[in-house]
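Peer 1: Below you'll find the structure I mean.
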Amino acid sequence: MALETSLEKPAPVRSIANAVAGWIDRLGVVWVEGQVAQVSRRPGVNTVFMTLRDSVADISVPVTCSRVLFDGLQPPLVEGASVVIQAKPSYYANRGTFSLYARDIKMVGLGELLARLEQRRQLLAAEGLFAQERKRRLPFLPGRIGLITAPKSAAEKDVVENATRRWPGVAFETVYAAMQGPRSALEVIEALERLDGRADVDVIVIARGGGSVEDLLPFSDEGLIRAVAKARTPVVSAIGHEPDQPLLDLVADVRASTPTDAAKLIVPDVAHESAGVAQVRDRLRRVLVGQVAREQAGLDALRSRPVLADPRNLLDRRLDELDGLCERMRRTLGHQLDRAADDIAHHRARARALSPLATLQRGYAVLQDDAGHVVTSAAGVGTAAAMSVRVADGRIHVTTTRTEVFEETP
(Lines of atoms letter the chains of each structure in order from A and count residues from 1; the text may use other names and numbers.)
(Lines give C-alpha, C1' and ligand atoms only; values in the text may rest on other atoms or scores of the structure.)
Protein backbone atom coordinates (compact mmCIF):
# COMPACT_ATOMS: atom_id res chain seq x y z
CA MET A 1 0.00 0.00 0.00
CA ALA A 2 1.44 3.36 -1.04
CA LEU A 3 1.85 6.12 1.50
CA GLU A 4 -0.12 9.29 0.94
CA THR A 5 2.20 12.24 1.51
CA SER A 6 2.36 15.83 0.32
CA LEU A 7 4.20 19.02 0.93
CA GLU A 8 1.60 19.98 3.44
CA LYS A 9 1.43 16.49 5.02
CA PRO A 10 4.96 14.97 4.93
CA ALA A 11 5.58 11.59 6.55
CA PRO A 12 8.04 11.41 9.44
CA VAL A 13 11.26 9.43 9.07
CA ARG A 14 9.99 6.66 11.31
CA SER A 15 7.00 6.13 9.08
CA ILE A 16 9.12 5.81 5.98
CA ALA A 17 11.59 3.51 7.76
CA ASN A 18 8.85 1.31 9.16
CA ALA A 19 7.17 1.15 5.76
CA VAL A 20 10.40 0.09 4.08
CA ALA A 21 10.96 -2.52 6.79
CA GLY A 22 7.44 -3.82 6.21
CA TRP A 23 7.89 -4.06 2.43
CA ILE A 24 11.20 -5.91 2.82
CA ASP A 25 9.80 -8.20 5.45
CA ARG A 26 7.05 -9.26 3.05
CA LEU A 27 9.74 -10.58 0.65
CA GLY A 28 10.10 -13.66 2.84
CA VAL A 29 13.02 -16.10 2.50
CA VAL A 30 15.03 -15.74 -0.74
CA TRP A 31 17.93 -17.53 -2.44
CA VAL A 32 20.76 -15.12 -3.35
CA GLU A 33 23.88 -15.80 -5.49
CA GLY A 34 27.08 -13.80 -5.07
CA GLN A 35 30.75 -13.79 -4.09
CA VAL A 36 31.99 -13.58 -0.51
CA ALA A 37 34.06 -10.41 -0.37
CA GLN A 38 34.78 -10.19 3.35
CA VAL A 39 34.45 -12.40 6.43
CA SER A 40 34.65 -11.11 10.02
CA ARG A 41 34.60 -13.42 13.03
CA ARG A 42 34.64 -11.40 16.22
CA PRO A 43 35.86 -13.14 19.41
CA GLY A 44 33.09 -13.94 21.85
CA VAL A 45 30.31 -13.19 19.35
CA ASN A 46 28.06 -15.98 18.06
CA THR A 47 27.37 -14.15 14.83
CA VAL A 48 29.66 -14.11 11.76
CA PHE A 49 29.57 -10.99 9.58
CA MET A 50 30.15 -11.19 5.83
CA THR A 51 29.84 -9.06 2.72
CA LEU A 52 28.20 -10.58 -0.34
CA ARG A 53 29.16 -8.93 -3.63
CA ASP A 54 27.37 -9.19 -6.97
CA SER A 55 29.49 -11.01 -9.57
CA VAL A 56 28.65 -8.43 -12.29
CA ALA A 57 27.52 -5.11 -10.84
CA ASP A 58 29.35 -3.11 -8.21
CA ILE A 59 26.77 -3.88 -5.54
CA SER A 60 27.28 -5.52 -2.16
CA VAL A 61 25.09 -6.30 0.83
CA PRO A 62 25.91 -7.24 4.45
CA VAL A 63 25.16 -10.83 5.46
CA THR A 64 25.07 -12.35 8.94
CA CYS A 65 24.86 -15.97 9.97
CA SER A 66 25.27 -18.03 13.11
CA ARG A 67 28.73 -19.24 14.04
CA VAL A 68 27.38 -22.82 14.18
CA LEU A 69 26.31 -22.63 10.53
CA PHE A 70 29.60 -21.03 9.44
CA ASP A 71 31.85 -23.48 11.33
CA GLY A 72 29.86 -26.45 10.02
CA LEU A 73 30.56 -25.67 6.35
CA GLN A 74 32.72 -28.30 4.63
CA PRO A 75 34.95 -27.32 3.01
CA PRO A 76 35.39 -24.08 4.98
CA LEU A 77 34.12 -20.84 3.49
CA VAL A 78 36.86 -18.43 2.36
CA GLU A 79 36.87 -14.93 0.92
CA GLY A 80 36.42 -14.93 -2.85
CA ALA A 81 34.19 -18.02 -2.86
CA SER A 82 31.06 -18.04 -5.01
CA VAL A 83 28.04 -19.07 -2.97
CA VAL A 84 24.26 -19.36 -3.03
CA ILE A 85 22.69 -18.51 0.32
CA GLN A 86 19.19 -18.92 1.68
CA ALA A 87 18.51 -15.75 3.63
CA LYS A 88 15.81 -13.63 5.19
CA PRO A 89 16.09 -9.94 4.17
CA SER A 90 15.64 -7.43 6.95
CA TYR A 91 15.74 -3.70 7.35
CA TYR A 92 16.79 -2.18 10.67
CA ALA A 93 14.76 1.00 10.92
CA ASN A 94 16.72 2.42 13.86
CA ARG A 95 19.98 2.42 11.86
CA GLY A 96 18.52 2.55 8.37
CA THR A 97 20.53 -0.48 7.22
CA PHE A 98 19.65 -3.43 5.05
CA SER A 99 21.11 -6.94 5.52
CA LEU A 100 20.51 -10.60 4.90
CA TYR A 101 20.41 -13.22 7.64
CA ALA A 102 21.69 -16.48 6.12
CA ARG A 103 19.96 -19.71 7.03
CA ASP A 104 21.89 -21.94 4.62
CA ILE A 105 25.01 -21.52 2.49
CA LYS A 106 25.95 -23.55 -0.55
CA MET A 107 29.25 -23.16 -2.38
CA VAL A 108 29.15 -23.43 -6.15
CA GLY A 109 31.70 -23.42 -8.99
CA LEU A 110 34.78 -21.44 -8.11
CA GLY A 111 33.68 -21.08 -4.55
CA GLU A 112 33.76 -24.82 -3.99
CA LEU A 113 37.16 -24.97 -5.65
CA LEU A 114 38.56 -22.23 -3.38
CA ALA A 115 37.12 -24.01 -0.39
CA ARG A 116 38.93 -27.23 -1.28
CA LEU A 117 42.18 -25.30 -1.70
CA GLU A 118 41.69 -23.68 1.70
CA GLN A 119 41.10 -27.07 3.27
CA ARG A 120 44.31 -28.38 1.65
CA ARG A 121 46.20 -25.31 2.85
CA GLN A 122 45.09 -25.90 6.42
CA LEU A 123 46.10 -29.58 6.34
CA LEU A 124 49.57 -28.83 4.90
CA ALA A 125 50.06 -25.93 7.30
CA ALA A 126 49.24 -28.26 10.20
CA GLU A 127 52.13 -30.47 9.05
CA GLY A 128 54.48 -27.48 9.26
CA LEU A 129 55.28 -27.33 5.53
CA PHE A 130 54.73 -23.58 5.48
CA ALA A 131 56.64 -22.85 8.71
CA GLN A 132 58.99 -19.89 8.56
CA GLU A 133 61.85 -21.82 10.17
CA ARG A 134 61.93 -24.13 7.13
CA LYS A 135 62.73 -21.24 4.80
CA ARG A 136 66.29 -21.07 3.48
CA ARG A 137 68.14 -17.91 2.51
CA LEU A 138 69.01 -17.43 -1.14
CA PRO A 139 72.72 -17.33 -2.03
CA PHE A 140 74.08 -13.83 -2.58
CA LEU A 141 75.41 -14.65 -6.04
CA PRO A 142 74.36 -18.07 -7.37
CA GLY A 143 76.80 -19.77 -9.72
CA ARG A 144 73.99 -21.34 -11.74
CA ILE A 145 70.23 -20.77 -11.60
CA GLY A 146 67.73 -23.53 -12.36
CA LEU A 147 64.64 -22.26 -14.18
CA ILE A 148 61.41 -24.23 -14.63
CA THR A 149 58.99 -22.61 -17.06
CA ALA A 150 57.11 -23.12 -20.32
CA PRO A 151 59.05 -23.08 -23.62
CA LYS A 152 59.37 -19.60 -25.19
CA SER A 153 57.15 -18.10 -22.52
CA ALA A 154 57.04 -14.48 -21.46
CA ALA A 155 57.96 -15.62 -17.94
CA GLU A 156 61.21 -17.17 -19.21
CA LYS A 157 62.05 -13.99 -21.10
CA ASP A 158 61.33 -11.80 -18.07
CA VAL A 159 63.47 -13.87 -15.70
CA VAL A 160 66.46 -14.37 -18.03
CA GLU A 161 66.58 -10.86 -19.47
CA ASN A 162 66.15 -9.05 -16.16
CA ALA A 163 68.61 -11.29 -14.32
CA THR A 164 71.20 -10.92 -17.11
CA ARG A 165 70.70 -7.16 -17.12
CA ARG A 166 71.32 -7.05 -13.39
CA TRP A 167 74.30 -9.44 -13.45
CA PRO A 168 75.65 -10.13 -16.95
CA GLY A 169 77.65 -13.19 -15.88
CA VAL A 170 74.69 -15.14 -14.53
CA ALA A 171 74.22 -18.69 -15.88
CA PHE A 172 70.89 -20.51 -16.30
CA GLU A 173 69.94 -24.17 -16.51
CA THR A 174 66.43 -24.14 -17.96
CA VAL A 175 64.13 -27.16 -17.85
CA TYR A 176 60.85 -26.79 -19.71
CA ALA A 177 57.55 -28.12 -18.35
CA ALA A 178 53.84 -27.60 -18.97
CA MET A 179 52.68 -24.66 -16.88
CA GLN A 180 48.99 -25.56 -17.02
CA GLY A 181 46.87 -28.58 -17.76
CA PRO A 182 46.54 -32.05 -16.26
CA ARG A 183 50.24 -32.96 -16.69
CA SER A 184 51.59 -29.66 -15.42
CA ALA A 185 52.13 -30.64 -11.79
CA LEU A 186 53.85 -33.93 -12.73
CA GLU A 187 56.20 -32.27 -15.24
CA VAL A 188 57.11 -29.50 -12.79
CA ILE A 189 57.89 -32.13 -10.12
CA GLU A 190 60.15 -34.02 -12.55
CA ALA A 191 61.94 -30.82 -13.56
CA LEU A 192 62.37 -29.85 -9.90
CA GLU A 193 63.89 -33.24 -8.99
CA ARG A 194 66.22 -33.03 -11.99
CA LEU A 195 67.54 -29.61 -11.07
CA ASP A 196 67.67 -30.41 -7.35
CA GLY A 197 69.95 -33.36 -8.15
CA ARG A 198 72.57 -31.11 -9.74
CA ALA A 199 75.28 -29.89 -7.40
CA ASP A 200 76.07 -26.81 -9.52
CA VAL A 201 72.52 -25.39 -9.29
CA ASP A 202 72.32 -23.00 -6.34
CA VAL A 203 68.70 -21.84 -6.62
CA ILE A 204 65.60 -22.98 -8.53
CA VAL A 205 62.95 -20.62 -9.94
CA ILE A 206 59.48 -21.85 -10.93
CA ALA A 207 58.03 -19.14 -13.19
CA ARG A 208 54.70 -18.65 -14.91
CA GLY A 209 52.61 -15.66 -15.97
CA GLY A 210 49.24 -14.76 -14.56
CA GLY A 211 46.03 -16.68 -15.14
CA SER A 212 42.72 -17.72 -13.70
CA VAL A 213 42.35 -19.75 -10.54
CA GLU A 214 41.78 -22.83 -12.64
CA ASP A 215 44.96 -22.17 -14.67
CA LEU A 216 47.04 -21.93 -11.50
CA LEU A 217 45.62 -25.07 -9.87
CA PRO A 218 48.71 -27.22 -10.70
CA PHE A 219 50.79 -24.99 -8.44
CA SER A 220 48.58 -25.89 -5.48
CA ASP A 221 48.97 -29.62 -6.17
CA GLU A 222 49.81 -31.51 -2.96
CA GLY A 223 52.50 -33.60 -4.67
CA LEU A 224 54.28 -30.47 -5.94
CA ILE A 225 54.04 -28.82 -2.52
CA ARG A 226 55.66 -31.83 -0.85
CA ALA A 227 58.38 -32.03 -3.53
CA VAL A 228 59.31 -28.39 -2.96
CA ALA A 229 59.37 -28.93 0.82
CA LYS A 230 61.71 -31.89 0.33
CA ALA A 231 64.12 -30.13 -2.08
CA ARG A 232 67.60 -29.36 -0.76
CA THR A 233 68.02 -26.39 -3.13
CA PRO A 234 66.28 -23.10 -2.27
CA VAL A 235 63.15 -22.59 -4.39
CA VAL A 236 61.69 -19.28 -5.60
CA SER A 237 58.01 -19.20 -6.58
CA ALA A 238 57.22 -16.72 -9.38
CA ILE A 239 53.68 -17.73 -10.32
CA GLY A 240 51.18 -15.25 -11.73
CA HIS A 241 50.86 -11.68 -10.56
CA GLU A 242 50.67 -9.99 -7.18
CA PRO A 243 47.03 -10.98 -6.33
CA ASP A 244 47.63 -14.64 -7.25
CA GLN A 245 48.77 -16.88 -4.40
CA PRO A 246 48.84 -20.61 -5.09
CA LEU A 247 50.05 -22.90 -2.31
CA LEU A 248 53.47 -23.02 -4.00
CA ASP A 249 54.01 -19.44 -2.77
CA LEU A 250 53.57 -20.60 0.83
CA VAL A 251 55.97 -23.56 0.71
CA ALA A 252 58.69 -21.90 -1.41
CA ASP A 253 61.69 -20.41 0.38
CA VAL A 254 61.03 -17.06 -1.32
CA ARG A 255 57.88 -15.81 -3.00
CA ALA A 256 58.23 -13.40 -5.94
CA SER A 257 55.18 -11.40 -6.96
CA THR A 258 56.07 -11.70 -10.66
CA PRO A 259 58.77 -13.37 -12.80
CA THR A 260 60.43 -9.96 -13.12
CA ASP A 261 60.50 -9.65 -9.33
CA ALA A 262 62.08 -13.11 -9.16
CA ALA A 263 64.99 -11.88 -11.31
CA LYS A 264 65.55 -9.06 -8.84
CA LEU A 265 65.56 -11.46 -5.91
CA ILE A 266 67.94 -14.14 -7.21
CA VAL A 267 70.86 -11.97 -8.40
CA PRO A 268 72.24 -8.65 -7.15
CA ASP A 269 72.38 -5.53 -9.28
CA VAL A 270 75.94 -5.16 -10.58
CA ALA A 271 75.63 -1.37 -10.75
CA HIS A 272 74.34 -1.17 -7.17
CA GLU A 273 77.00 -3.57 -5.90
CA SER A 274 79.76 -1.70 -7.79
CA ALA A 275 78.56 1.54 -6.23
CA GLY A 276 78.56 -0.13 -2.83
CA VAL A 277 82.11 -1.43 -3.35
CA ALA A 278 83.22 2.03 -4.46
CA GLN A 279 81.57 3.58 -1.41
CA VAL A 280 83.22 1.09 0.94
CA ARG A 281 86.55 1.60 -0.81
CA ASP A 282 86.24 5.39 -0.44
CA ARG A 283 85.31 5.00 3.21
CA LEU A 284 88.27 2.68 3.78
CA ARG A 285 90.54 5.12 1.98
CA ARG A 286 89.34 7.97 4.19
CA VAL A 287 89.87 5.87 7.29
CA LEU A 288 93.38 4.90 6.23
CA VAL A 289 94.30 8.44 5.19
CA GLY A 290 92.98 9.75 8.50
CA GLN A 291 94.90 7.14 10.45
CA VAL A 292 98.12 7.81 8.51
CA ALA A 293 97.62 11.56 9.06
CA ARG A 294 97.17 11.03 12.81
CA GLU A 295 100.26 8.83 12.98
CA GLN A 296 102.24 11.37 10.93
CA ALA A 297 101.12 14.16 13.26
CA GLY A 298 102.21 12.09 16.24
CA LEU A 299 105.56 11.37 14.60
CA ASP A 300 106.03 15.05 13.79
CA ALA A 301 105.26 15.93 17.39
CA LEU A 302 107.88 13.46 18.58
CA ARG A 303 110.43 14.74 16.09
CA SER A 304 109.80 18.32 17.18
CA ARG A 305 110.88 17.57 20.75
CA PRO A 306 114.36 18.94 21.57
CA VAL A 307 115.71 15.53 22.49
CA LEU A 308 114.96 14.24 18.99
CA ALA A 309 115.47 17.51 17.10
CA ASP A 310 119.17 17.65 18.26
CA PRO A 311 120.17 14.57 20.30
CA ARG A 312 123.61 16.15 21.02
CA ASN A 313 122.02 18.67 23.38
CA LEU A 314 120.93 15.86 25.64
CA LEU A 315 124.39 14.27 25.41
CA ASP A 316 126.05 17.58 26.22
CA ARG A 317 123.85 18.04 29.29
CA ARG A 318 124.53 14.49 30.38
CA LEU A 319 128.25 15.01 29.76
CA ASP A 320 128.27 18.08 32.00
CA GLU A 321 126.43 16.10 34.66
CA LEU A 322 128.95 13.30 34.27
CA ASP A 323 131.90 15.71 34.65
CA GLY A 324 130.33 17.13 37.79
CA LEU A 325 129.76 13.68 39.21
CA CYS A 326 133.37 12.67 38.40
CA GLU A 327 134.73 15.79 40.10
CA ARG A 328 132.51 15.17 43.09
CA MET A 329 133.69 11.57 43.20
CA ARG A 330 137.33 12.63 43.04
CA ARG A 331 136.86 15.10 45.90
CA THR A 332 135.00 12.57 47.99
CA LEU A 333 137.62 9.89 47.31
CA GLY A 334 140.46 12.34 48.06
CA HIS A 335 138.88 13.25 51.41
CA GLN A 336 138.40 9.59 52.24
CA LEU A 337 142.02 8.79 51.29
CA ASP A 338 143.28 11.71 53.39
CA ARG A 339 141.29 10.52 56.40
CA ALA A 340 142.55 6.98 55.84
CA ALA A 341 146.19 8.20 55.60
CA ASP A 342 145.79 10.09 58.87
CA ASP A 343 144.33 7.01 60.49
CA ILE A 344 147.20 4.88 59.21
CA ALA A 345 149.83 7.37 60.46
CA HIS A 346 148.14 7.47 63.84
CA HIS A 347 147.99 3.69 64.11
CA ARG A 348 151.57 3.40 62.86
CA ALA A 349 152.77 5.84 65.51
CA ARG A 350 150.95 3.88 68.17
CA ALA A 351 152.41 0.64 66.84
CA ARG A 352 155.89 2.08 66.80
CA ALA A 353 155.46 3.37 70.30
CA LEU A 354 154.55 -0.09 71.48
CA SER A 355 157.21 -1.88 69.38
CA PRO A 356 160.28 -3.38 71.21
CA LEU A 357 162.44 -1.78 68.52
CA ALA A 358 161.49 1.63 69.82
CA THR A 359 162.72 0.57 73.23
CA LEU A 360 165.99 -0.58 71.73
CA GLN A 361 166.35 2.77 69.97
CA ARG A 362 166.27 4.46 73.34
CA GLY A 363 169.49 2.59 74.30
CA TYR A 364 168.11 -0.63 75.63
CA ALA A 365 169.35 -4.08 74.43
CA VAL A 366 168.05 -7.67 74.54
CA LEU A 367 170.48 -10.41 75.67
CA GLN A 368 169.96 -13.90 74.25
CA ASP A 369 171.88 -17.14 74.82
CA ASP A 370 173.16 -19.32 72.04
CA ALA A 371 169.80 -21.09 71.91
CA GLY A 372 168.02 -17.79 71.22
CA HIS A 373 166.37 -17.58 74.66
CA VAL A 374 166.13 -14.18 76.20
CA VAL A 375 168.32 -13.91 79.30
CA THR A 376 166.45 -12.08 82.02
CA SER A 377 168.69 -12.98 84.99
CA ALA A 378 172.46 -13.09 85.52
CA ALA A 379 172.08 -15.95 87.89
CA GLY A 380 171.73 -18.51 85.22
CA VAL A 381 174.67 -17.41 83.02
CA GLY A 382 178.07 -18.92 83.47
CA THR A 383 181.53 -17.70 82.55
CA ALA A 384 182.61 -17.93 78.90
CA ALA A 385 179.03 -18.39 77.75
CA ALA A 386 178.28 -17.36 74.14
CA MET A 387 175.72 -14.60 74.05
CA SER A 388 174.17 -12.24 71.50
CA VAL A 389 173.04 -8.73 72.20
CA ARG A 390 170.14 -7.36 70.13
CA VAL A 391 170.38 -3.60 69.69
CA ALA A 392 168.30 -1.23 67.59
CA ASP A 393 170.29 -1.58 64.39
CA GLY A 394 171.75 -5.10 64.71
CA ARG A 395 173.08 -7.89 66.85
CA ILE A 396 176.39 -8.14 68.82
CA HIS A 397 177.88 -11.56 69.65
CA VAL A 398 179.75 -11.62 72.96
CA THR A 399 181.28 -14.06 75.41
CA THR A 400 180.79 -13.58 79.14
CA THR A 401 183.86 -13.13 81.21
CA ARG A 402 182.05 -12.91 84.50
CA THR A 403 178.62 -12.36 85.91
CA GLU A 404 177.38 -10.30 88.78
CA VAL A 405 174.06 -10.64 90.50
CA PHE A 406 172.56 -7.60 92.21
CA GLU A 407 170.61 -7.96 95.36
CA GLU A 408 167.08 -6.66 95.18
CA THR A 409 166.42 -3.69 97.36
CA PRO A 410 163.23 -3.80 99.33
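403 is the number that my numbering gives the last residue of the sequence shown; the numbers go up by one with no jumps. Think of the CB as a built atom: it goes at the ideal place given N, C-alpha and C, for glycine as much as any other residue.
(1) For the candidate residues V384, S267, F399, T394, whose alpha-carbon lies nearest to that of S370?
(2) I'd like the span of the beta strand (DSSP E) that includes F91, first residue to last.
(3) Quick check: what's the CA-CA separation for V384 versus A333?
(4) Taking a contact to mean a Cβ-Cβ separation below 8 angstroms, would you say R201 touches G162 in this structure?
(5) Does the beta-carbon of L140, which I'm using as the reference point, lie nearer than 7 angstroms to any heavy atom of the ligand ZN?
(6) What's the gap between the Cα of Q289 and the Cα of R296?
(7) What is the DSSP secondary structure of H328, reduced to helix, strand or coil?
(8) Using a threshold of 8 angstroms, state whether the C-beta atoms of L179 and I197 are closer than that.
(9) In the DSSP output, which residue or residues are listed as bridge partners for K81?
(10) Which residue's Cα is closest to the Cα of T393: K81, D363, G387?
(11) Can you list, in chain order, the residues of its chain whose CB lies under 7 angstroms from that of A358, leaving out five sequence neighbours each side?
(12) Quick one: what's got a C-beta closer than 6 angstroms to L107's C-beta in the same chain, skipping five residues either side?
(13) So, helix, strand or coil for S177, using DSSP?
(14) Just mark I141 as buried or exposed, buried being the case when its beta carbon has 16 or more other beta carbons within 10 Å.
(15) So for S(-1), helix, strand or coil by DSSP?
(16) Hey, how far is the Cα of A170 from the Cα of D208?
(17) Report yes if the CB atom of P304 is closer than 8 angstroms to the CB atom of L134, and no otherwise.
(18) DSSP has E26 in a bridge; who is on the other side?
(19) Alpha helix (DSSP H) containing Q272: first to last residue?
(20) Would you list the residues sitting across from F165 in a DSSP beta bridge?
Peer 2: Reading off the structure:
(1) For this step, residue 370 is matched to residue 377 along the sequence shown. Of V384, S267, F399, T394, the residue nearest in Cα terms is F399.
(2) For this step, residue 91 is matched to residue 98 along the sequence shown. Residue range 90 to 100 is occupied by the beta strand (DSSP E) that includes F91.
(3) Here residue 384 is taken as the residue at index 391 of the sequence shown, counted from 1. Here residue 333 is taken as the residue at index 340 of the sequence shown, counted from 1. A direct Cα-Cα distance of roughly 33 angstroms separates V384 from A333.
(4) Along the sequence shown, one-based indexing puts residue 201 at 208. Along the sequence shown, one-based indexing puts residue 162 at 169. No, these two residues do not count as a Cβ contact at 8 angstroms.
(5) By its list of ligands, the structure shown contains no ligand whatsoever, and the ligand ZN lies outside what it can speak to.
(6) Residue 289 sits at position 296 when you count from the first residue of the sequence shown. Residue 296 sits at position 303 when you count from the first residue of the sequence shown. Taking the straight line joining both Cα atoms gives about 10 angstroms.
(7) Against the sequence shown, residue 328 aligns to sequence position 335. Per DSSP, reduced to three states, the secondary structure at H328 is helical.
(8) Stepping through the sequence shown from its first residue, residue 179 is reached at position 186. Stepping through the sequence shown from its first residue, residue 197 is reached at position 204. No; because the gap between Cβ atoms is not below 8 angstroms, this pair is not in contact.
(9) Within the sequence shown, the letter at position 88 stands for residue 81. Y94, per the DSSP bridge assignment.
(10) Residue mapping note: residue 393 aligns to position 400 of the sequence shown, counting from 1. T393 has its Cα closest to that of D363, out of K81, D363, G387.
(11) Taking the sequence shown and counting its residues from 1, one reaches residue 358 at position 365. These residues qualify, in order along the chain: V382, R383, V384.
(12) As a first step, residue 107 must be located in the sequence shown, where it is residue number 114. Hits under 6 angstroms: V71, G73, A74.
(13) What you label residue 177 is simply residue 184 of the sequence shown in a count that begins at 1. Residue state, collapsed to three classes: helix.
(14) The sequence position of residue 141 within the sequence shown is 148, counting from 1. Answer is buried; the Cβ neighbour count reaches 16.
(15) By 1-based counting over the sequence shown, the position of residue -1 is 6. Coil, per DSSP.
(16) Counting from 1 along the sequence shown, the entry for residue 170 is found at position 177. Counting from 1 along the sequence shown, the entry for residue 208 is found at position 215. Roughly 14 angstroms between the two C-alpha positions.
(17) Counted from its first residue, the sequence shown places residue 304 at position 311. Counted from its first residue, the sequence shown places residue 134 at position 141. Contact flag unset, no.
(18) Counted from its first residue, the sequence shown places residue 26 at position 33. E26 is bridged to V77.
(19) Position 279 of the sequence shown holds residue 272. Start and end: 263 to 297.
(20) The residue given as residue 165 occupies position 172 in the sequence shown. Looking at the DSSP assignment, F165 forms a beta bridge with I138.
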